[in-house]
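Peer 1: Residue 740 in our numbering sits at position 348 of the sequence shown, with consecutive numbering throughout.
Glycine is no exception: its CB is placed at the ideal position from the N, C-alpha and C atoms.
Let me give you the structure first, and then I'll get to my questions.
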Amino acid sequence: MLADPLLNKGTAFSDEERDALGLRGLLPPRIFTLDEQVNRAYSNFQRQPEPIDKYVFLTLLQNRNETLFFKVLETYPEEMIPIIYTPTVGQACLDYGVIFRRPRGMFITIRERGRIAEVLRHWPQTDVRMIVVTDGERILGLGDLGVLGMGIPVGKLSLYTSCAGLHPRYCMPITLDVGTNNENLHNNSTYLGMSQHRVRGAEYDEFIEEFVTAVKTVFPKALLQWEDFGNTNAFRLLSTYQKRICSFNDDIQGTAAVALAGVISALRVTGTALADQKILFLGAGEAGTGIADLFTAAAVDAGLDETEARQRCWFVDSQGLVVHDRLEGLAHHKIPYAHEHPPIKTLAEAVEILRPTILIGVSGTPSTFTEAIIAQMAEFNERPIIFALSNPTSKAECTAEAAYRNSEGKAIFASGSPFSAVEYQGQTFIPGQGNNVYIFPGVGLGALVVESAEVSERMFLIAARTLAELVTDEDFAIGRIYPSLTRIREVSVVIAIEVAKEAIRSGLARIIIPDEEIEAAVNNSLYQPVYQSYA
Ligand code: NAD
393 MLADPLLNKG TAFSDEERDA LGLRGLLPPR IFTLDEQVNR AYSNFQRQPE
443 PIDKYVFLTL LQNRNETLFF KVLETYPEEM IPIIYTPTVG QACLDYGVIF
493 RRPRGMFITI RERGRIAEVL RHWPQTDVRM IVVTDGERIL GLGDLGVLGM
543 GIPVGKLSLY TSCAGLHPRY CMPITLDVGT NNENLHNNST YLGMSQHRVR
593 GAEYDEFIEE FVTAVKTVFP KALLQWEDFG NTNAFRLLST YQKRICSFND
643 DIQGTAAVAL AGVISALRVT GTALADQKIL FLGAGEAGTG IADLFTAAAV
693 DAGLDETEAR QRCWFVDSQG LVVHDRLEGL AHHKIPYAHE HPPIKTLAEA
743 VEILRPTILI GVSGTPSTFT EAIIAQMAEF NERPIIFALS NPTSKAECTA
793 EAAYRNSEGK AIFASGSPFS AVEYQGQTFI PGQGNNVYIF PGVGLGALVV
843 ESAEVSERMF LIAARTLAEL VTDEDFAIGR IYPSLTRIRE VSVVIAIEVA
893 KEAIRSGLAR IIIPDEEIEA AVNNSLYQPV YQSYA
């Protein structure tokens, strides 16, 4: 009981339980309530000097007592989420080999080919519903970290539980080890994965195929979330498996929905229509083209035809503006956005010539939204919408302060990682954080409650709209275009309800619930971090 974090109550075991379970003498005598334990844990958390120390503290707590861990998260979400997820989780992944104490999640290597189902059956829980899987190739904006990327599936699943009430026993983090092309890791004595180059091509594809088939066999009700795969594999895997197993890619689709929600909510401030926007993206990877694809779907819904809608999205990648002349050799996901236009080399020129209403940074390259670029956006837009979404904070295209200062307070700004409040000319701005956590827990929960066969694009569109509707006038008054993170549980539940309804409407649900009963079904499914009685 003391060693199993799902069962352990630590100093909260009652006298009766201590006798009934043979724990007498194994714990200090005083019995604490869960709330008292939360207070102690929180004061210990506060004593940790650096965010990474706080991360290690919370990891140890999670490995010891999950109920207490999730109660702490529920009590202090605004302080805890940036530690268990971005930005601190990025540092935690970089340091994972050093801070590693005991494994959490499952490691499946390419050497296990032919026996993946057998390996999955080693997992102690039999009714897994939510799997977050990575192969570590593109961890946040940090690149190829191999198995050190395990911090990401672990962190995301903690968010599923704390934000959307998914029971921890349903959750399974997985890292697939197919090697790493990060040479520093090959030569690093603390690296925990296989020291070999990444397996590619048919061998990789067969490995993934076996993995997906094994998941379907061993955990038939599981939703599979693809996480932080490299660009070439991410798009391919999503399109190959989207309809074969209930699955989605958060970097592509979750990001798209949270960014679109930010846009819809910002348009409530500007008073302009979605169909009148022109978006310029810096970075044409998973996040950027994912956002553009969902924006296109939203614009089509708003009355544009698809070609027209795609024409509203422009991309600058590392080679300059993505244009028709570059079609040869252009990555597949960029092709729909390679419009007829003379070549443009820089972002500054592209802003000047295209005059976008919205500028979105998803390049992983810091300080690329220069003072001049931001000032120019504010010249031809009364309220320019500027999102610097690259993570972690050190990679953001501009800081919140730069966005407000260089636009003379006009910018409607959101970032990927949190920024503190900014004082500018006597006004306080609270920057919105376009955190995927607003979307994926609710979408996942909604899909699971009705056992949806797929997670469709329309579900993400609905999630984005629902999120934007939850932003209040009080939020807008302080410059925030997302609800406060303190409302995350409510946000996730509302999104889950809408997603579940959509699953039923579209015929994807395997459990049919009348519309008016969905809210209760979602609410009844929520995990609460409270101790059960064993006496
Ligand atoms: P990716 O590797 O798929 O794409 C990055 C793209 O940026 C590539 O097309 C690359 O060519 C381009 N690029 C790199 N440097 C550039 C430069 N100097 N100028 C122009 N283009 C450049 O990565 P991704 O998944 O699209 O993620 C990109 C960034 O977005 C990451 O930093 C990630 O953390 C962030 N992100 C944020 C959120 C969020 O805020 N909710 C969600 C997902 C991703």
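Is V708 near the ligand NAD, going by C-beta to nearest heavy atom under 7 angstroms?
Peer 2: Against the sequence shown, residue 708 aligns to sequence position 316. It does: the Cβ of V708 is within 7 angstroms (strictly closer) of some heavy atom of the ligand NAD.
Peer 1: Does the distance from the C-beta atom of S799 to that of A767 stay below 8 angstroms?
Peer 2: On the sequence shown, residue 799 is found 407 positions in, with the first residue counted as 1. On the sequence shown, residue 767 is found 375 positions in, with the first residue counted as 1. For S799 and A767, yes; Cβs fall inside 8 angstroms.
Peer 1: Any heavy atom of the ligand NAD closer than 7 angstroms to the Cβ of R590?
Peer 2: Looking up residue 590 in the sequence shown gives position 198. Checking every heavy atom of the ligand NAD against the Cβ of R590, none is found closer than 7 angstroms.
Peer 1: With the cut-off set at 8 angstroms, would you say T572 and G528 are in Cβ contact?
Peer 2: By one-based count along the sequence shown, residue 572 stands at place 180. By one-based count along the sequence shown, residue 528 stands at place 136. Yes; because the gap between Cβ atoms is below 8 angstroms, this pair is in contact.
Peer 1: Using a Cβ distance threshold of 8 angstroms, determine whether the segment 687-707 contacts the segment 720-739, with at least three qualifying pairs required.
Peer 2: These segments touch.
Peer 1: Consult DSSP for Q440 and reduce its assignment to one of helix, strand or coil.
Peer 2: By 1-based counting over the sequence shown, the position of residue 440 is 48. Coil at Q440, not helix or strand.
Peer 1: Have a look at L418 and Y596 and give me their C-alpha separation to the nearest angstrom.
Peer 2: Counting from 1 along the sequence shown, the entry for residue 418 is found at position 26. Counting from 1 along the sequence shown, the entry for residue 596 is found at position 204. Distance between the alpha carbons of L418 and Y596: 48 angstroms.
Peer 1: Below 8 angstroms on the Cβ atoms is my contact criterion, and I expect L424 with T403 to pass it. Report the Cβ-Cβ distance as a whole number of Å.
Peer 2: Residue 424 sits at position 32 when you count from the first residue of the sequence shown. Residue 403 sits at position 11 when you count from the first residue of the sequence shown. In the sequence as displayed, the identity of residue 424 is Phe instead of Leu. 4 angstroms between Cβ atoms; contact.
Peer 1: Confirm, please, whether the CB-CB distance from I644 to L629 is below 8 angstroms.
Peer 2: Walking along the sequence shown from the start, residue 629 turns up at place 237. Walking along the sequence shown from the start, residue 644 turns up at place 252. Not in contact: L629 and I644 (Cβ atoms no closer than 8 angstroms).
Peer 1: Looking at the structure shown, is Q634 part of a helix, part of a strand, or coil, going by DSSP?
Peer 2: Indexing the sequence shown from 1 puts residue 634 at position 242. If DSSP states are grouped into helix, strand and coil, Q634 belongs with coil.
Peer 1: Taking the alpha-carbon positions, what's the Y468 to A556 distance?
Peer 2: For the purposes of this step, residue 468 is identified with residue 76 of the sequence shown, where counting begins at 1. For the purposes of this step, residue 556 is identified with residue 164 of the sequence shown, where counting begins at 1. Answer to the nearest angstrom: the Cα atoms are 15 angstroms apart.
Peer 1: Have a look at E763, R496, N457, N783 and flag the residue whose alpha-carbon is nearest the alpha-carbon of K401.
Peer 2: For the purposes of this step, residue 401 is identified with residue 9 of the sequence shown, where counting begins at 1. Ranking the options by Cα distance to K401, first place goes to N457.
Peer 1: Could you tell me the boundaries of the alpha helix (DSSP H) in which S554 lies?
Peer 2: Here residue 554 is taken as the residue at index 162 of the sequence shown, counted from 1. Per DSSP, S554 belongs to the alpha helix (DSSP H) from 543-556.
Peer 1: So D569 is in the alpha helix (DSSP H); what residue range does that whole segment cover?
Peer 2: Indexing the sequence shown from 1 puts residue 569 at position 177. Element bounds for D569: not the alpha helix (DSSP H) but the beta strand (DSSP E), 563-569.
Peer 1: DSSP on T451, reduced to helix/strand/coil?
Peer 2: Numbered from its first residue, the sequence shown carries residue 451 at position 59. Helix, per DSSP.
Peer 1: So, at 7 angstroms on beta carbons, what are the nonlocal neighbours of I475 in its own chain, with the 5 sequence-adjacent residues on each side left out?
Peer 2: For the purposes of this step, residue 475 is taken as the residue at position 83 of the sequence shown. Around I475: P443, K446, Y447, L450.
Peer 1: If distances are taken between C-alpha atoms only, which option among T785, S710, I765 comes closest to I777?
Peer 2: Numbered from 1 along the sequence shown, position 385 holds the residue referred to as residue 777. The shortest Cα separation from I777 among T785, S710, I765 belongs to I765.
Peer 1: Can you tell me whether DSSP reads E700 as helix, strand or coil?
Peer 2: By one-based count along the sequence shown, residue 700 stands at place 308. It is helical.
Peer 1: Just checking, does the segment 748-764 make contact with the segment 786-801 on the three C-beta pairs under 8 angstroms criterion?
Peer 2: Flag = yes, the segment 748-764 and the segment 786-801 touch.
Peer 1: Output the distance between the C-alpha atoms of L512 and S917, rounded to the nearest integer angstrom.
Peer 2: As a position in the sequence shown, residue 512 is number 120, starting the count at 1. As a position in the sequence shown, residue 917 is number 525, starting the count at 1. Looking at the two C-alpha atoms, the distance is approximately 25 angstroms.
Peer 1: Compute the minimum distance between the beta carbon of V650 and the heavy atoms of the ligand NAD, and state whether it is under 7 angstroms.
Peer 2: For the purposes of this step, residue 650 is taken as the residue at position 258 of the sequence shown. Yes, the beta carbon of V650 sits closer than 7 angstroms to at least one heavy atom of the ligand NAD.
Peer 1: Below 8 angstroms between beta carbons: does that hold for C563 and M522?
Peer 2: Position 171 of the sequence shown holds residue 563. Position 130 of the sequence shown holds residue 522. The answer is yes: Cβ separation under 8 angstroms.
Peer 1: Could you say if the segment 644-654 and the segment 673-685 meet the contact criterion of at least three C-beta pairs nearer than 8 angstroms?
Peer 2: Flag = yes, the segment 644-654 and the segment 673-685 touch.
Peer 1: Can you tell me whether DSSP reads M498 as helix, strand or coil?
Peer 2: Taking the first residue of the sequence shown as 1, we reach residue 498 at position 106. In this structure, M498 counts as strand in the three-state DSSP scheme.
Peer 1: Terminal residues of the continuous alpha helix (DSSP H) containing I476?
Peer 2: In the sequence shown, the residue the question calls residue 476 occupies position 84. Where I476 is concerned, the enclosing alpha helix (DSSP H) stretches over 469-476.
Peer 1: Have a look at E771, L713, V829 and flag the residue whose alpha-carbon is nearest the alpha-carbon of A856.
Peer 2: Within the sequence shown, the letter at position 464 stands for residue 856. Nearest of E771, L713, V829 to A856, Cα basis: V829.
Peer 1: Does the distance between the C-beta of K787 and the nearest non-hydrogen atom of the ligand NAD fall short of 7 angstroms?
Peer 2: Along the sequence shown, one-based indexing puts residue 787 at 395. Yes, since a heavy atom of the ligand NAD falls inside the 7 angstroms radius drawn around the Cβ of K787.
Peer 1: First and last residue of the alpha helix (DSSP H) that includes E732?
Peer 2: Indexing the sequence shown from 1 puts residue 732 at position 340. Taken as a continuous stretch (DSSP letters only), E732 belongs to no alpha helix (DSSP H), as it is neither H nor E.
Peer 1: What number of angstroms, rounded off, separates the C-alpha of F779 from the C-alpha of I904?
Peer 2: To locate residue 779, count along the sequence shown from 1; it is residue 387. To locate residue 904, count along the sequence shown from 1; it is residue 512. Near 39 angstroms, if we compare the C-alpha coordinates of I904 and F779.
Peer 1: Counting C-beta neighbours from all protein chains within 10 Å, is the total for K369 16 or more, i.e. buried, or is it exposed?
Peer 2: No answer is possible for residue 369: the residues shown for the chain start at 393 and end at 927.
Peer 1: First and last residue of the alpha helix (DSSP H) that includes G482?
Peer 2: Stepping through the sequence shown from its first residue, residue 482 is reached at position 90. Here the alpha helix (DSSP H) through G482 covers 480-486.
Peer 1: For H578, which residues of its own chain have a beta-carbon under 7 angstroms away from its beta-carbon, when the five flanking residues on both sides are left out?
Peer 2: As a position in the sequence shown, residue 578 is number 186, starting the count at 1. The residues are S587.
Peer 1: In chain order, what residues of the same chain lie with their CB nearer than 6 angstroms to the CB of H892, ignoring the 5 residues before and after it?
Peer 2: Counting from one through the sequence shown, the residue named residue 892 turns up at place 500. The sequence shown places Ala at residue 892, rather than the His named in the question. Cβ neighbours of A892 beyond the five flanking positions: G838, V841, V842, I910.
Peer 1: Taking the alpha helix (DSSP H) that G834 falls in, what are its first and last residues?
Peer 2: As a position in the sequence shown, residue 834 is number 442, starting the count at 1. Taken as a continuous stretch (DSSP letters only), the alpha helix (DSSP H) holding G834 covers 832-841.
Peer 1: Among residues of its own chain, excluding the 5 on either side of L652, which ones have a beta-carbon nearer than 7 angstroms to its beta-carbon?
Peer 2: Counting from one through the sequence shown, the residue named residue 652 turns up at place 260. Cβ within range, chain order: I683, L686, F687, A690, A856.
Peer 1: Identify whether E815 lies in helix, strand or coil by the three-state DSSP scheme.
Peer 2: Indexing the sequence shown from 1 puts residue 815 at position 423. Residue state, collapsed to three classes: strand.
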